[in-house]
Amino acid sequence: MSSAPSSAASSTATPASRWRRLQASTDAVHRALDARIMTGDPFRDRDRYARFLAMQLQVFRDIDALYADPGLRAIFPDLAERRRLHLAEHDARDLGLAEPPLDTPALAPPIDPPTGMGWLYVIEGADLGSPFLLQETIKIGIDEEFGARHMRGHPQGRGLHWRHFTEALDAVALSEAEEARVIAGAEAAFARVNALFERAGLAGAAPATPAS
Ligand code: HEM
Numbered sequence: 237m238s239s240a241p242s243s244a245a246s247s248t249a250t251p252a253s254r255w256r257r258l259q260a261s262t263d264a265v266h267r268a269l270d271a272r273i274m275t276g277d278p279f280r281d282r283d284r285y286a287r288f289l290a291m292q293l294q295v296f297r298d299i300d301a302l303y304a305d306p307g308l309r310a311i312f313p314d315l316a317e318r319r320r321l322h323l324a325e326h327d328a329r330d331l332g333l334a335e336p337p338l339d340t341p342a343l344a345p346p347i348d349p350p351t352g353m354g355w356l357y358v359i360e361g362a363d364l365g366s367p368f369l370l371q372e373t374i375k376i377g378i379d380e381e382f383g384a385r386h387m388r389g390h391p392q393g394r395g396l397h398w399r400h401f402t403e404a405l406d407a408v409a410l411s412e413a414e415e416a417r418v419i420a421g422a423e424a425a426f427a428r429v430n431a432l433f434e435r436a437g438l439a440g441a442a443p444a445t446p447a448s
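Position one of the sequence shown corresponds to residue 237 (my numbering), numbered consecutively onward.
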């Protein structure tokens with residue numbers, strides 16, 4: 237498999253880009269998850285926020301091995317600085333929370349880079365929703381400087397930081413089988429986050445289906 241960025245990346249954003257394919261294939265699960273989170277009202281008070289933070293800690297723990305993976309570091313040169321586990325741990329200390337019990341991480345070495353790309357797409361993408369979540373946490377005294385450090389924006393701006401990520405995501409050449417593992421990785425990441433929200437008692441009802 238190729239894990240080096242291709243120098244032949246096109247400068248025009250084509251709808252057939254890997255990023256756009258990921259976006260299209262996970263759009264429905266993303267919308268359903270957003271709706272469930274907002275109905276679950278995780279920012280109503282600090283007790284609920286603590287459950288949200290414990291869930292975030294688990295997600296960042298799940299993917300922590302990705303940041304040290306040489307194949308993924310070759311694809312995303314700024315990968316190390318995208319890690320947010322230590323910021324979420326700092327948030328827990330801000331709020332005086334005991335270290336929550338954590339599962340065994342979902343991903344462990346050896347990492348399959350295409351699968352890791354799918355997981356990273358989901359976790360990096362989720363940061364685009366952070367400004368909306370921060371609008372809510374601020375009402376309970378939690379912000380980017382206290383308790384929600386893991387949601388803080390990048391100095392270059394979230395938009396540009398995200399563009400650098402998607403450009404790197406799109407630049408690498410992959411086989412068809414590897415492409416399928418990128419999509420499967422993103423689906424697994426969304427499924428994991430969904431399950432963690434449910435387990436934390438933070439997920440509102442799943443959107444009604446027309447048949448039910
Ligand atoms: C209520 C909570 C959430 C809100 C309000 C929210 C909102 C948003 C917004 C506004 C964007 C930017 C869309 C754009 O610029 O086109 C976004 C993108 C994204 N979000 Fe969420 N989000 C939430 C939760 C999550 C969660 C929990 C995940 C997964 C862990 C997630 C994954 C993503 C991904 C992958 C993208 C990138 C989509 C793309 O490819 O453009 N979001 N979200």
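Note that beta-carbon positions come from the ideal geometry of N, C-alpha and C, so glycine has one too.
Taking 8 Å as the cut-off, the C-beta of T351 does not count as close to any heavy atom of ligand 1. Taking the Cβ of A362 as the reference point, at least one heavy atom of ligand 1 falls within a distance shorter than 8 Å. With a cut-off of 8 Å, the C-beta of D298 is classified as distant from ligand 1, since no heavy atom of the ligand falls inside that distance. Taking 4 residues as the shortest admissible run, the stretch 315 to 366 contains the following complete alpha helix (DSSP H) segments, listed from N- to C-terminal end: 321 to 330, 349 to 362. When L302, P313, S261, H322 are compared, the shortest CA-CA separation from E403 is found for P313. Note: G383 is bridge-paired with D379 in the DSSP secondary-structure output.
Membership of L438 in any alpha helix (DSSP H) is not indicated, and neither H nor E is assigned to it by DSSP. Rounded to whole angstroms, the separation of the alpha carbons of G332 and A407 is 42 Å. Using a C-beta cut-off of 8 Å, the stretch 258 to 266 makes no contact with the stretch 290 to 308, since fewer than three inter-stretch Cβ pairs fall below that distance.
Between the alpha carbons of H400 and E317 lies a gap of roughly 13 Å. In this structure, the C-beta of L308 stays at least 8 Å away from each heavy atom of ligand 1. For Y285, the enclosing alpha helix (DSSP H) starts and ends at 282 to 298.
Per DSSP, the unbroken alpha helix (DSSP H) holding H266 starts and ends at 254 to 276. G389 carries a coil assignment under DSSP once its states are collapsed to helix, strand and coil. By the neighbour-count definition (other C-beta atoms within 10 Å, threshold 16), H386 is a buried residue.
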